[in-house]
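Below is one structure; the comments refer to it alone.
There are 2 protein chains.
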Amino acid sequence: MASEVRLALVGSTGAVGQEMLKILEERDFPVKELICLADPREAGSKVRFKGEEYTVVGASPEAFKKADIAMFAVGTEVSKMLAPEALKNNCVVIDNSYAFRLDKDVPLVVPEVNAGDIKLHRGIIANPNCSTIIMVVAINPIHQRARLKRVIVSTYQAVSGAGKAGLDELDQHISAAMTGQEPKLEVFQHPIAFNLIPHIDEFVEEDYTREEMKMVWESRKIMHEPDLKIAATAVRVPVYRSHSESINLETENPLTPDQVRSILSQAPGIIVQDDPGAKLYPMPLYTSNKDQVFVGRIRRDISLGENGVVIWVAADQIRKGAATNAIQIAEVVVEENLY
Amino acid sequence: MASEVRLALVGSTGAVGQEMLKILEERDFPVKELICLADPREAGSKVRFKGEEYTVVGASPEAFKKADIAMFAVGTEVSKMLAPEALKNNCVVIDNSYAFRLDKDVPLVVPEVNAGDIKLHRGIIANPNCSTIIMVVAINPIHQRARLKRVIVSTYQAVSGAGKAGLDELDQHISAAMTGQEPKLEVFQHPIAFNLIPHIDEFVEEDYTREEMKMVWESRKIMHEPDLKIAATAVRVPVYRSHSESINLETENPLTPDQVRSILSQAPGIIVQDDPGAKLYPMPLYTSNKDQVFVGRIRRDISLGENGVVIWVAADQIRKGAATNAIQIAEVVVEENLY
């Protein structure tokens, strides 16, 4: 890599922030200086990186003065408030929130799909929604070969999509269910143990949730296909980690399942797990703590003939769906000297 | 009802058989005599019906001599072996297994959809697959109004689809996961606690499972639409009871979500639960032990324009998906003197 970087990490104590620290270390990201920021109420707490302890500092405008790149792993409101401060200090911001994703001047990037957009940044690069990242990694290689006409997706989303609080809430609900107690509802709208909740984020238009519309709006932007037809149904399931997606694709050009397997096997960031006879297909229990998107159950869409394919996808939404993807973006920023 | 019936129940100790006894009692089915049959190894065990104890008799050809109607709640192999014996004794057979569902001479019936087929029986009436029943109750009223062109469905199926053994296995896997033990795999192919398994029943053609193809083959037969285009993805989820389905429908004629809500509200066997603002939509935790199919998240399929609708469906697959449906069939057989 070209040079060593002074890196600020906003949200360093959260689920995604903690995962980012692990991945920065695993991938040997060229960190010269690490500035760990978080909510001022968490100032003084400690986080670990490469065997050393770092003291968390309350995030404030001044904190960005000594950073080249600022990774934001916080909610939309905090990003909106602090990213402009980082920009004032000439930091390049890689933001995991929804705040800037659809802004015209902000590249929205999944490196396997549109790494070339990174160089167009004007200070902020946005990291997409987790379910969207996982989907576009899997479907873009098929689009490049056979042109997608229509995408129908139903998701099966893990509770850690709601952070550590989501994990704790599933645990609490499981024990409550086991002991006949009332589950405490803090993160989820309803009990999640032994249940499914077809409601993630708020309802925004035509009775679709924002989570569902993110998969439409963000996929179109990442894939540079503003008119791509997509309909999503997003469902929370009692799984700790890794989102799964059942996807039906309609293509302009015909494509056999064998061709799809071959295309995806050669595509970046994908592991094809598709051997029904050996009971091999992606499952969230085994795709967690991995950086790739796993694709299986590849078959013809028998409701469409030769121009349809059905796939089943699973991937760790905290890693590839958030932290890994953001760090891949940062790596390009460093390699190509875009800061 | 016309008359009182001598009823044989094959599989009276199983999950579906036990549910049938409950429902026969709830609906005050006109039972004159009840003959409880099961695997000969279970002979002598006791089951309860209307406050009385019945001794289970080993199922054998002779057992049908004193019955008018025989309800079969057993596996395909036992049905194949014993249903012909029931026929020889002039019993009308209502069979819950896969054995006869696709036979030309056997009506496959969901009373809300094709009750008229019951009178065509030649001794056997088949009860459809659970996921299929739940789907056709929800989609047939839309088909009757706007003609379905294409159905895409992804399922979220409860462990009790695999009977009591499935329930026990989820419990065992949950405790194993909590205590760091190895889960015991008896019913499922993989651990089901905190996981999803995109594999129900065996793989049969083009890498589709039989569960997925049942939704194609059986829906077409029930709806009298041999060419209806359907593609299904069937997934096991860590939910005790009630299957859920995410369904995208393409219609020949345009239809608004309001029209769909109105059609389904008036359709038999359906409860529309669709008020996103009030966080109201079907969830398996709350549709269990009910006889209706619950439909919500009704919205335009934005990938299709005015000729597409997306719905989210949940229903108790042991009741409406099996036992209740079979007893509804039996009620028609009795009311119309078809035995």
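Top to bottom, those sequences are chains R and W.
Every letter in the first sequence is one number past the one before it in this note's numbering, and letter 177, counting from 1, is 177.
Counting the second sequence from 1 gives a position; this note's numbering is that position plus 1000.
Just so it is clear, CB atoms sit at the ideal spot from N, CA and C, and this is done for glycine as well.
It should be emphasised that the depicted structure is a prediction, and the values quoted were computed from it without experimental measurement.
Going along chain R in order, which residues have a C-beta closer than 7 Å to the C-beta of residue 1312 of chain W? On the second sequence, residue 1312 of chain W is found 312 positions in, with the first residue counted as 1. Chain R residues near residue 1312 of chain W: 198, 233.
Just to confirm the assignment, what range does the alpha helix (DSSP H) spanning residue 36 of chain R have? Taking the first residue of the first sequence as 1, we reach residue 36 of chain R at position 36. It is not in any alpha helix (DSSP H) - residue 36 of chain R instead sits in the beta strand (DSSP E) that spans 31 to 38.
When we look at the beta-carbon of residue 1179 of chain W and count the other beta-carbons within 10 Å, is it buried (16 or more) or exposed? Within the second sequence, numbered from 1, the residue matching residue 1179 of chain W stands at position 179. By the 10 Å Cβ count, residue 1179 of chain W comes out exposed.
Option nearest residue 142 of chain R by Cα separation, candidates R/220, R/255, R/36: The residue given as residue 142 of chain R occupies position 142 in the first sequence. Among R/220, R/255, R/36, the Cα nearest to that of residue 142 of chain R is on R/255.
For residue 56 of chain R, I'd like the list of residues in its chain whose CB is within less than 8 Å of its CB, leaving aside the five on either flank, ordered along the chain. Position 56 of the first sequence, counted from the start, is the residue given in the question as residue 56 of chain R. Here the set comprises 12, 13, 36, 37, 38, 42, 43, 44, 45, 46, 47.
Residues in its own chain within less than 7 Å of residue 1 of chain R by CB, not counting five upstream and five downstream? Indexing the first sequence from 1 puts residue 1 of chain R at position 1. Caution applies to residue 1 of chain R, whose pLDDT of 48 falls short of 50 and renders its modelled position unreliable; the value that the coordinates give is listed next. The answer, listed in chain order, is 30, 334, 335.
With a cut-off of 8 Å, do at least 3 Cβ pairs link the segment 241 to 248 of chain R to the segment 202 to 214 of chain R? no
Would you kindly check if the distance between the Cβ of residue 242 of chain R and the Cβ of residue 323 of chain R is under 8 Å? For the purposes of this step, residue 323 of chain R is identified with residue 323 of the first sequence, where counting begins at 1. For the purposes of this step, residue 242 of chain R is identified with residue 242 of the first sequence, where counting begins at 1. No. Outside cutoff.
With three or more C-beta pairs closer than 8 Å as the rule, is the segment 1098 to 1110 of chain W touching the segment 1218 to 1228 of chain W? yes
Check whether the segment 123 to 137 of chain R touches the segment 84 to 100 of chain R, counting contact only when three or more Cβ pairs, one atom from each stretch, lie closer than 8 Å. yes
Under a three-way DSSP split, which group does residue 1001 of chain W fall into? Counting from one through the second sequence, the residue named residue 1001 of chain W turns up at place 1. For residue 1001 of chain W, the predicted structure reports a pLDDT of 48, less than 50, and the residue's modelled location is therefore unreliable. A value from the coordinates is still provided. Residue state, collapsed to three classes: coil.
Check whether the Cβ atoms of residue 1215 of chain W and residue 1153 of chain W sit closer than 8 Å, and answer yes or no. The residue labelled residue 1215 of chain W in the question sits at position 215 within the second sequence. The residue labelled residue 1153 of chain W in the question sits at position 153 within the second sequence. Cβ atoms of residue 1215 of chain W and residue 1153 of chain W: closer than 8 Å.
Chain W contact for residue 343 of chain R (CB, 8 Å cutoff): The structure shown has nothing for residue 343 of chain R, since chain R only spans 1 to 339.
Just the C-alpha distance for residue 1184 of chain W and residue 1168 of chain W, rounded to the nearest angstrom, thanks. If you number the second sequence from 1, residue 1184 of chain W lands on position 184. If you number the second sequence from 1, residue 1168 of chain W lands on position 168. Each residue's Cα considered, the two are about 11 Å apart.
Does the distance from the C-beta atom of residue 327 of chain R to that of residue 294 of chain R stay below 8 Å? For this step, residue 327 of chain R is matched to residue 327 along the first sequence. For this step, residue 294 of chain R is matched to residue 294 along the first sequence. Not in contact: residue 327 of chain R and residue 294 of chain R (Cβ atoms no closer than 8 Å).
From W/1237, W/1265, W/1207, pick the residue whose C-alpha is nearest to that of residue 1158 of chain W; which is it? Along the second sequence, read from residue 1 onward, the residue named residue 1158 of chain W stands at position 158. Residue 1158 of chain W has its Cα closest to that of W/1237, out of W/1237, W/1265, W/1207.
Going by C-alpha to C-alpha distance, which of W/1286, W/1287, W/1303, W/1310 sits closest to residue 1297 of chain W? Residue numbering aside, residue 1297 of chain W sits at position 297 when the second sequence is read from its first letter. When only C-alpha atoms are compared, the closest one is W/1310.
Output yes if chain R places a C-beta closer than 8 Å to the C-beta of residue 1307 of chain W; else output no. Taking the second sequence and counting its residues from 1, one reaches residue 1307 of chain W at position 307. Residue 1307 of chain W does not count as touching chain R.
What is the DSSP secondary structure of residue 157 of chain R, reduced to helix, strand or coil? In the first sequence, counting from the first residue as 1, residue 157 of chain R sits at position 157. Residue state, collapsed to three classes: strand.
By alpha-carbon positions, which one of W/1239, W/1146, W/1078 ends up nearest to residue 1155 of chain W? Within the second sequence, numbered from 1, the residue matching residue 1155 of chain W stands at position 155. Nearest C-alpha to residue 1155 of chain W: W/1239.
Contact list for residue 152 of chain R against chain W, beta-carbon separation under 7 Å: As a first step, residue 152 of chain R is located in the first sequence; it is residue number 152 there, counting from the start. Those within 7 Å of residue 152 of chain R in chain W are 1152, 1248, 1303.
Going by the CB atoms, is the gap between residue 1112 of chain W and residue 1321 of chain W shorter than 8 Å? On the second sequence, position 321 is the one that residue 1321 of chain W refers to. On the second sequence, position 112 is the one that residue 1112 of chain W refers to. No, Cβ-Cβ distance for residue 1321 of chain W and residue 1112 of chain W is not below 8 Å.
When we look at the beta-carbon of residue 3 of chain R and count the other beta-carbons within 10 Å, is it buried (16 or more) or exposed? Within the first sequence, residue 3 of chain R is the residue found at index 3, counting from 1. Exposed, because fewer than 16 other Cβ atoms sit within 10 Å of the Cβ of residue 3 of chain R.
If we ignore side chains and look at the alpha-carbon of each, how far apart do residue 1275 of chain W and residue 1306 of chain W end up? Locating residue 1275 of chain W in the second sequence gives position 275, counting from the first residue. Locating residue 1306 of chain W in the second sequence gives position 306, counting from the first residue. Cα to Cα, residue 1275 of chain W sits roughly 21 Å from residue 1306 of chain W.
Reduced DSSP secondary structure (H/G/I, E/B, other) of residue 216 of chain R: As a first step, residue 216 of chain R must be located in the first sequence, where it is residue number 216. DSSP places residue 216 of chain R in helix when its eight states are reduced to three.
Between the segment 179 to 213 of chain R and chain W, which residues of the former have a C-beta closer than 7 Å to a C-beta of the latter? 189, 190, 191, 194, 195, 196, 197, 198, 199, 203, 206, 207, 208
Cβ of residue 1027 of chain W within 8 Å of any chain R Cβ: Indexing the second sequence from 1 puts residue 1027 of chain W at position 27. Not closer than 8 Å to any Cβ of chain R, the Cβ of residue 1027 of chain W fails to qualify, so no.
Less than 8 Å between the beta carbons of residue 66 of chain R and residue 33 of chain R, yes or no? As a working mapping, residue 66 of chain R is identified with position 66 in the first sequence. As a working mapping, residue 33 of chain R is identified with position 33 in the first sequence. It is a contact, given that the beta carbons lie within the stated cut-off.
Can you name, in chain order, every residue of its own chain whose Cβ lies under 6 Å from the Cβ of residue 121 of chain R, other than the five neighbours on each side? On the first sequence, position 121 is the one that residue 121 of chain R refers to. These residues qualify, in order along the chain: 107.
Is residue 1040 of chain W near the ligand HEM, judged by its Cβ being under 7 Å from some heavy atom? With respect to the ligand HEM, the structure offers nothing, as it holds no ligand at all.
Measuring straight from C-alpha to C-alpha, what distance separates residue 1070 of chain W and residue 1009 of chain W? Mapped onto the second sequence, residue 1070 of chain W falls at position 70. Mapped onto the second sequence, residue 1009 of chain W falls at position 9. Cα-Cα distance, rounded: 6 Å.
Among residues of its own chain, excluding the 5 on either side of residue 123 of chain R, which ones have a beta-carbon nearer than 7 Å to its beta-carbon? Against the first sequence, residue 123 of chain R aligns to sequence position 123. These residues qualify, in order along the chain: 87, 92, 93.
Could you name the residues that DSSP lists as bridge partners for residue 1248 of chain W? Counting from one through the second sequence, the residue named residue 1248 of chain W turns up at place 248. In the DSSP output, where bridge partners are listed per residue, residue 1248 of chain W has W/1152, W/1310.
Report all residues from its chain with a CB closer than 6 Å to the CB of residue 1195 of chain W; omit the five preceding and five following residues, and keep chain order. Within the second sequence, the letter at position 195 stands for residue 1195 of chain W. Within the same chain, residue 1195 of chain W has no close Cβ partners at all.
May I have the straight-line CA-CA distance separating residue 1264 of chain W from residue 23 of chain R, to the nearest angstrom? Position 264 of the second sequence holds residue 1264 of chain W. Position 23 of the first sequence holds residue 23 of chain R. Those two C-alpha atoms are separated by around 50 Å.
Residue environment, residue 325 of chain R, which counts as buried when at least 16 other CB atoms sit within 10 Å: Position 325 of the first sequence holds residue 325 of chain R. Buried, by the Cβ-count rule.
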